[in-house]
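*Asks:* Each step along the sequence shown adds one to the number in the UniProt record's numbering, with nothing skipped, and position 452 is 452. Ideal Cβ positions, reconstructed from N, Cα and C, are used throughout, including at glycine. Given the structure is predicted, the values throughout are model-derived calculations rather than measurements.
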Amino acid sequence: MTVLGRPEAPRAPRVEEVRSETVVLSWDQPNNNGADITGYTLRTNTGQEHACATTTCTFDGLKNNVKYTFTVVATNEVGDSEPSPRSREARPDEKPDKPEPPTLDFDDSALIVSWTNRSYTDRSPIECVNLEISPAPTDGVTQKTCQTGGRITWTGLENGTAYTVSVQAKNKAPDPSDWSDPSAPETPAAPPAQPAPPTATRVNTAVGGQITVEWTAPANNGDAVKEYTLTEYQDGAMTRTLKETGTRKVIQDLSTNSTYTYTVQARNKAGDSPVSGQSNEVVPYGTPDTPGTPSAALGSNTSGQANVSWNRVAAVRGTGERYEVQANGAGARDAGNTTSYTYTGLSNGTSYTFQVRACNAYICSDWSAASGAVIPYGPPPTPSISANGGDRQVTFTWDGRATNGRAIKSVRVTGAFTSSATNGSRSVSTGYSSRLEACVVVTDTENQTARKCAAATSDARPDPKATVTHGSRVSNGECSHASCAYFLVNVSDFDAGSHQVACWAGDTPEVKGWHDIISHARTWAGSSKSSYTFPANGSVQLRCFFGHPGTPVRVLIDGKEYGVTNWWNG
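(1) Hey, could you find the ends of the beta strand (DSSP E) isoleucine 408 is sitting in?
(2) Report the CB separation of proline 30 from serine 81 in whole angstroms; it is logged as a contact under 8 Å.
(3) Alpha carbon to alpha carbon, how far is tyrosine 40 from glutamate 186? Give it in angstroms, no decimals.
(4) State the DSSP-derived secondary structure class of glycine 390, mapped to helix, strand or coil.
(5) Tell me whether the beta-carbon of proline 552 lies closer than 8 Å to the beta-carbon of threonine 565.
(6) Does the stretch 167–178 come close enough to the stretch 127–136 to have 3 or more Cβ pairs within less than 8 Å?
(7) Rounded to whole angstroms, what's the CA-CA distance from aspartate 558 to glycine 497? Just pull it up for me.
(8) Restricting to Cα atoms, I'd like to know which of Tyr377, Cys359, Gln355 is closest to phenylalanine 368.
(9) Going by DSSP in three states, cysteine 128 sits in which element: helix, strand or coil?
(10) Does the separation of the CB atoms of tyrosine 285 and glycine 236 fall below 8 Å?
(11) So, for asparagine 117: in the same chain, excluding its five sequence neighbours on each side, which residues have a beta-carbon less than 6 Å away from its beta-carbon?
(12) Would you be able to state if there are at least three C-beta pairs under 8 Å between the stretch 427–439 and the stretch 385–400?
(13) Taking the Cβ atom as the reference point for each residue, do proline 294 and alanine 358 lie within a distance shorter than 8 Å?
(14) With a threshold of 8 Å on Cβ separation, who are the neighbours of serine 420 within its own chain once the five nearest residues in sequence on each side are excluded?
(15) Which of the three DSSP states is assigned to proline 176 in this structure?
(16) Could you tell me if leucine 230 is buried or exposed, where buried requires 16 or more neighbouring beta carbons within 10 angstroms of its beta carbon?
(17) Which of the three DSSP states is assigned to glutamate 82 in this structure?
(18) Which residue from Gly304, Ala266, Tyr323 puts its Cα closest to that of residue 579?
(19) For glycine 271, which three-state DSSP category applies?
(20) Between glutamine 252 and the rest of its own chain, which residues show a CB-CB distance below 8 Å, the 5 nearest in sequence each way excluded?
(21) Could you tell me if tyrosine 383 is buried or exposed, where buried requires 16 or more neighbouring beta carbons within 10 angstroms of its beta carbon?
(22) In this structure, how does DSSP classify leucine 254 when only helix, strand and coil are distinguished?
(23) If proline 192 and alanine 219 are in contact, beta carbons under 8 Å, what's the gap, nearest whole angstrom?
(24) Among Glu77, Gly506, Ser273, Tyr163, which one has its Cα closest to the Cα of valine 113?
(25) Out of Asn268, Arg333, Glu89, Thr38, which one is the CA nearest neighbour of threonine 44?
(26) Any idea which residues DSSP pairs phenylalanine 354 with across the strands?
(27) Mark proline 462 as exposed unless 16 or more other C-beta atoms lie within 10 angstroms of its C-beta, in which case mark it buried.
(28) So, is proline 13 buried or exposed, given that buried needs 16 or more other C-beta atoms within 10 angstroms?
(29) Roughly how many angstroms lie between the CA atoms of cysteine 503 and valine 540, to the nearest whole one?
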């Protein structure tokens, strides 16, 4: 006879797998006590039951995120065993769904990663997320695990490199969610570096008022410069800002009388760079207008100068307005900031035209058209006249032809003689030691006169001279020697007229010593004086004669001795 009994109680079931709303359990088959086990029944701590045919059973229909324990009862034909001990706790759960990609915001060498966790009622809530970045940062770490809060800053990245980030959610389920799709790429960046001071250059145009400003793009620190802010300073005061996308700006309609400087600031997505230093100073000058035709005239002082006047130009196009004047295309003079100028240093009698140009501190206009011609003039030069005394005459030489910008219309000589010749020489007869004067007056076409006089004295009377030579031979009983001849007196510079003359000789055989050859007297008072008429210059044969060769002879004229000589030999 066989005795049958209920199965013995199984050992506690083992939790093999936990899934969403499902737990898979297994257990060991207990002793059946003589009757085959026909099935098993699993029971939860919440009272749910599930029939199982084998020692491995899937218990589904559970609630996620609820802790369960399980017991198992074996059944044979006799009946049910006692319940097994309880299993360990099992909590059915489902991993989070695949998250949406995170959002990225840039920072300096970093990204701000943001994500949103879904809320669930059918599973455990998301507790944290895993993040994965691509490409790998410089430290090689590509993941951050179990991040909470919905936002982190991922540092240590390279500015200028585009990154993507994926997110993976984790709840109490054994497995995390699938990885999200990569985020949209984002590039870490900082504001651009400070630009170098820009370079300002005047645009070379006649009207001026234009400056070209150029600068070098600074380091962009991870993001291309999107815009530049150009700030303008006029005479040191900020006047305006200009927005530019390039690195060059031509600025127009500026004041040609002001000094300009510029600064530049770069902007990218991260913000504004520091402002650069100021550029070099530039005055956008232009070329002054060309003045109109000037006027030229002689002033009250007509000698060597002319007065030039003009109108100011409408536009100087620069600081430092001034004007220059030139004569006959040369000799530019700085007239300063005025509209008239006395041009000196001109040559009287030369025709001059004048031109003027306007200048600023940097450049001058073209020369104007030429003025009408003027001819400077001064007083006529003093004429030349000289006087030289001579033998009973004075010779005058004059010249009144010199001019000083105007023609001479008349020359008049008065005084010792008269003449209207422009130049010449004239000898005027007079006596000895006679002073004569003549004056020359010149008059030019402006009726200006100049006068000069000259005077001289004729020569003084020269000392009269007389020499004795032999005259006609004498042939009579009183003188028979071959040297017998009359005294011939040769006079010069004598007063023409009657003179008392005595003939004298030296030692003779008859008389010793000087004596009158007629009376043998040794004194003038006792001599035999005769009256003769002498010319001023010439010869007179006397009535006295002599015939002693080699004997010194002389004549006394009006008591004065003349012409000592030795008598001829015949």
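*Replies:* In short:
(1) Going by DSSP, isoleucine 408 is part of the beta strand (DSSP E) stretching over 408–415.
(2) With a Cβ gap of about 6 Å, proline 30 and serine 81 count as contacting.
(3) 59 Å
(4) strand
(5) Yes. Within cutoff.
(6) The stretch 167–178, when compared against the stretch 127–136, does touch it at the 8 Å Cβ threshold.
(7) 12 Å
(8) It should be pointed out that residue 368 corresponds to serine in this sequence rather than to phenylalanine. Comparing Cα-Cα distances from serine 368 to each of Tyr377, Cys359, Gln355, the minimum goes to Gln355.
(9) strand
(10) no
(11) Ile126
(12) yes
(13) no
(14) Ser410, Val411, Arg412, Val413
(15) coil
(16) buried
(17) coil
(18) The chain is shown only over 1 to 570; residue 579 falls outside these bounds and no answer can be derived.
(19) strand
(20) Gly209, Gln210
(21) Before going on, a small fix: residue 383 reads as proline here, not tyrosine. Proline 383 is buried by the Cβ-count criterion.
(22) coil
(23) For a cut-off of 8 Å, the C-beta gap from proline 192 to alanine 219 is around 7 Å, short enough to register as a contact.
(24) Tyr163
(25) Glu89
(26) Ala327
(27) By the neighbour-count rule (16 or more Cβ atoms within 10 Å), proline 462 is not buried but exposed.
(28) buried
(29) 13 Å
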